[in-house]
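J.: Here my numbering is used: the first residue of the sequence shown is 575, the next is one more, and so on. Beta carbons are placed, not taken as given, at the ideal position from N, Cα and C, and that holds for glycine. None of the values given here were measured: they were computed from a predicted structure.
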Amino acid sequence: MSAPRVQGADAIHVGADDLPARADVLVVGLGVTGAGVALDAASRGLEVVAVDAFDLAWGTSRWSSKLVHGGLRYLANLQLDVAHESAVERGILMETTAPHLTRALPMLIPLTPSVSRSAARISRVAMTLGDLLRVTARTSRRTLPRPRRISAAETLALAPGVRREGLRGSILSFDGQLEDDARMVITIARTAAANGARIHTRSRVVELSGSHAVIRDELTGTERRIEARAVVNAAGVWAGQLVEEIRLKPSRGTHLVLKGSALPGMRVAVMAPVPGARNRFVFVLPQPDGNLYVGLTDEESDGDIPDVPEPTEAEIDFLLDVIGTAFERALSRDDVVGAYAGLRPLLDAGGSTADLSRKHAVLTSRTGVVTIVGGKLTTYRRMAQDAVDAAVAQRGLTAGPCRTATLPLVGAAPRSELARIEAPARLVRRFGTEAPAVLGNARRVTGFSDAELLAPLAPDVPTTMAELVFGVTHEGARTVEDLLERRTRIAMVPADAELARPSAERALELSENYLTS
Ligand SMILES: Cc1cc2nc3c(=O)[nH]c(=O)nc-3n(C[C@H](O)[C@H](O)[C@H](O)COP(=O)(O)OP(=O)(O)OC[C@H]3O[C@@H](n4cnc5c(N)ncnc54)[C@H](O)[C@@H]3O)c2cc1C
């Protein structure tokens, strides 16, 4: 087992008062894309400064379905290159760079009377093609087992709430699932910092060209100028606000949050076809914290881009209606304990957002800013590679080759090694090989016993004090919201966030000495 190691507390800088005056590469945005670009560039030996106006994972990256997609949906649209790229990146994440943050998620399409026999045959063929994608991407069957048809009895053992009348069985397939999307962004950002990148939150770019930026410290209001040999704009749906040539057509995706008790015993994801639509499903996705997410919609989103998008009433009703077709128990508004929406940063290329290609694009502006948009969480690494390649070529930077396909994120190790770590399973899932150090850090900072540090913060809230303390000391959290909304995802259920608020305040208080020492 590798020795517990943990990156220094100053890895994430909050505010811009100590921002360097120059860098090889300035990265704007610390969602999954910007964090990925920072890691790619830093690991090639470039001096990198990466900034976010708010916090790590503030934007779209924390509102995803948390799936590591194999690209099946793109195969259906005959986008073979996008599908293959997705499958390759899924394999890299699950087998090399982030085994600790990913797992195989079993997914069922229950063959209820509303799924015709021909629709079932098509789904079966699609799942077989999905498995072929896995094979061509050279991802092991141990990582993602083969799809198969299962009986009605097996279906009910895996998902007891599924509608029984006329149930002919299910198609069972596997895709990747993230422990949490924001956690992956934080882990990538910390890996970038460990490779020498300067990561600054609460640092807003207010002026940008291909060779400089003016950055406002959002804590003090002070503005600073930074010169950069290359500038990468990874500001997601806000990218067009920094570079006027960029035209985006965001689409909104909404999810509901239910407590596990709404559909007891669900060990797998369940997919219900959207009536009348081809190749569209509503999913129930069981989460590692015991909640269930129900998603997702794909609606064009016109007008201003809010800091935090809100689901509409119509989207909530749509999701409840479609998922209701697959389960015995009718789900109602009373079951919905939270809801969230995110905006996909899709390029405006005409057509409806549901049909727009999810392939990413690298665009260079008149002043030389390299913008990277589109894509998805799963393909962040490849997006970063393409953006840094473009910046290096365009600015004639001296840089090594891309290393990220074989560079494990902090805490990563082979699954067999993760299984042997002597620490609570929850911490290993979230911090991998760092789990013992996360607990050791909290002991040192608080003087609390392990029982106090590892107890669930509230009934139904499995997050621990050890995680909150680490969020402050090593992950740049400075407010209760940073802790409840991004270092942990307790705030996905607002009532749970209220229960956990005193613990988050306490973690900030207890860590204060550590931060000022
Ligand atoms: C509902 C939904 C579900 C999805 N599900 C999946 C999924 O299951 N799997 C998958 O692979 N992909 C999924 N995706 C796609 C994926 O989430 C996005 O493609 C990805 O998160 C985009 O990341 P990003 O870093 O480009 O943008 P963002 O995460 O939005 O990051 C942009 C950052 O830029 C910062 N910023 C903006 N302006 C400035 C400024 N002026 N100065 C400094 N910083 C600035 C913002 O604060 C923000 O943090 C989903 C998307 C949606 C909407």
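Give a yes or no on contact between the stretch 586 to 599 and the stretch 794 to 814, applying the rule of three or more CB pairs nearer than 8 Å.
T.: Yes, the stretch 586 to 599 touches the stretch 794 to 814.
J.: Let me check one thing: in DSSP terms, what residues is Gln751 bridge-paired to?
T.: Paired residues: Leu641, Arg677.
J.: Are at least three pairs of beta-carbons, each pair with one atom in the stretch 740 to 754 and one in the stretch 1028 to 1038, less than 8 Å apart?
T.: No, the stretch 740 to 754 is not in contact with the stretch 1028 to 1038.
J.: Classify Ala999 as buried or exposed, calling it buried when 16 or more other Cβ atoms lie within 10 Å of its own Cβ.
T.: So Ala999 counts as exposed.
J.: Quick check: the stretch 677 to 693 against the stretch 840 to 856, are at least 3 beta-carbon pairs closer than 8 Å?
T.: As far as the Cβ criterion goes, the stretch 840 to 856 touches the stretch 677 to 693, which means the pair count is three or higher.
J.: Run the proximity test for Phe628: is its beta-carbon closer than 7 Å to any non-hydrogen atom belonging to ligand 1?
T.: Under cutoff, so the answer is yes.
J.: On the three-state DSSP scale, how would you describe Asp929?
T.: Bear in mind that a pLDDT of 43 at Asp929, under 50, signals an unreliable position, so the number given afterwards is only what the model happens to contain. Three-state DSSP puts Asp929 in coil, outside helix and strand.
J.: Taking Gly608 as the reference, which of Glu621, Leu620, Ala1074, Val625 has the closest Cα?
T.: Gly608 has its Cα closest to that of Val625, out of Glu621, Leu620, Ala1074, Val625.
J.: Let me check you understand the geometry: is the CB of Leu600 closer than 7 Å to at least one non-hydrogen atom of ligand 1?
T.: No, since every heavy atom of ligand 1 falls outside the 7 Å radius drawn around the Cβ of Leu600.
J.: With 16 other CB atoms within 10 Å as the buried threshold, where does Gly633 fall?
T.: Gly633 should be labelled buried.
J.: Per DSSP, His934 forms a beta bridge with which residues?
T.: According to DSSP, His934 bridges with nothing at all.
J.: Can you check which of these residues, Gly770, Glu797, Asn769, is closest to Arg776 by C-alpha distance?
T.: Comparing Cα positions, the closest option is Glu797.
J.: At what residues does the alpha helix (DSSP H) containing Arg772 begin and finish?
T.: Arg772 -> not in any alpha helix (DSSP H); beta strand (DSSP E) instead, spanning 772 to 775.
J.: Is the beta carbon of Thr1020 less than 8 Å from the beta carbon of Glu1041?
T.: Contact flag unset, no.
J.: Might you give, ordered along the chain, the residues of its own chain that have their beta carbon closer than 6 Å to the beta carbon of Ala904, omitting 5 neighbours on each side?
T.: Counting only Cβ-Cβ distances below 6 Å, and skipping sequence neighbours, we find Gly898.
J.: Confirm, please, whether the CB-CB distance from Leu707 to Gly644 is below 8 Å.
T.: Against a cut-off of 8 Å, the Cβ pair of Leu707 and Gly644 comes out as a contact.
J.: Do Leu830 and Leu893 come within 8 Å of each other at the CB atom, strictly closer than that value?
T.: It is a contact, given that the beta carbons lie within the stated cut-off.
J.: Between the Cα of Arg799 and the Cα atoms of Val944, Val966, Ala590, which residue gives the shortest distance?
T.: Ranking the options by Cα distance to Arg799, first place goes to Ala590.
J.: Evaluate Gly949 with the Cβ neighbour count: other Cβ atoms within 10 Å of its Cβ, from every protein chain shown; 16 or more gives buried, anything less gives exposed.
T.: Result: buried.
J.: Using 8 Å as the threshold, is the C-beta distance between Ala964 and Val947 below it?
T.: Result no, Cβ atoms of Ala964 and Val947 do not sit closer than 8 Å.
J.: Let me know the secondary structure DSSP gives Thr828 once reduced to three states.
T.: Of the three classes helix, strand and coil, the one that applies to Thr828 here is strand, per DSSP.
J.: Looking at the strands, I want to know which residues DSSP matches up with Val542.
T.: For residue 542 there is no data in the structure shown, the boundaries of the chain being 575 and 1091.
J.: With a threshold of 8 Å on Cβ separation, who are the neighbours of Arg989 within its own chain once the five nearest residues in sequence on each side are excluded?
T.: Same-chain partners within the cutoff: Pro673.
J.: So does Pro919 have its beta carbon nearer than 7 Å to some heavy atom of ligand 1?
T.: Pro919 Cβ: within cutoff of ligand 1.
J.: Is any heavy atom in ligand 1 found nearer than 7 Å to the beta carbon of Lys640?
T.: It does: the Cβ of Lys640 is within 7 Å (strictly closer) of some heavy atom of ligand 1.
J.: Mind the definition here: the stretch 879 to 889 touches the stretch 811 to 827 only if three or more C-beta pairs lie below 8 Å; say whether that holds.
T.: In short, these stretches touch, since the Cβ pair count reaches three.
J.: What whole-angstrom Cβ distance do Ser744 and Ile724 have, given they're in contact under 8 Å?
T.: About 5 Å separates the two Cβ atoms, so the contact holds.
J.: With Pro719 and Ala678 assumed to form a contact (beta carbons below 8 Å), what rounded beta-carbon distance in angstroms separates them?
T.: Correct: roughly 7 Å between the Cβ atoms.
J.: By alpha-carbon positions, which one of Ala979, Gly784, Gly1014 ends up nearest to Arg940?
T.: When each option's Cα is compared against that of Arg940, the closest is Gly784.
J.: Taking the DSSP output, what are the residues bridged to Pro847?
T.: Bridge partners of Pro847: Phe855.
J.: Taking the alpha-carbon positions, what's the Asp749 to Leu641 distance?
T.: Roughly 7 Å separates the two Cα atoms.
J.: Can you tell me where the beta strand (DSSP E) with Arg723 in it begins and where it stops?
T.: Element bounds for Arg723: 722 to 724.
J.: For Glu792 and Val780, what's the separation of their Cα atoms in angstroms?
T.: C-alpha separation (whole angstroms): 11 Å.
J.: To the nearest angstrom, how far is it from the Cα of Leu992 to the Cα of Met758?
T.: Cα-Cα distance, rounded: 17 Å.
J.: So what does DSSP say about Arg742, is it helix, strand or coil?
T.: Looking at Arg742 - three-state DSSP - the assignment turns out to be coil, as it is neither helix nor strand.
J.: Quick check: the stretch 822 to 839 against the stretch 866 to 878, are there 3 or more CB pairs under 8 Å?
T.: Taking 8 Å as the limit for Cβ pairs, the verdict is that the stretch 866 to 878 does touch the stretch 822 to 839.
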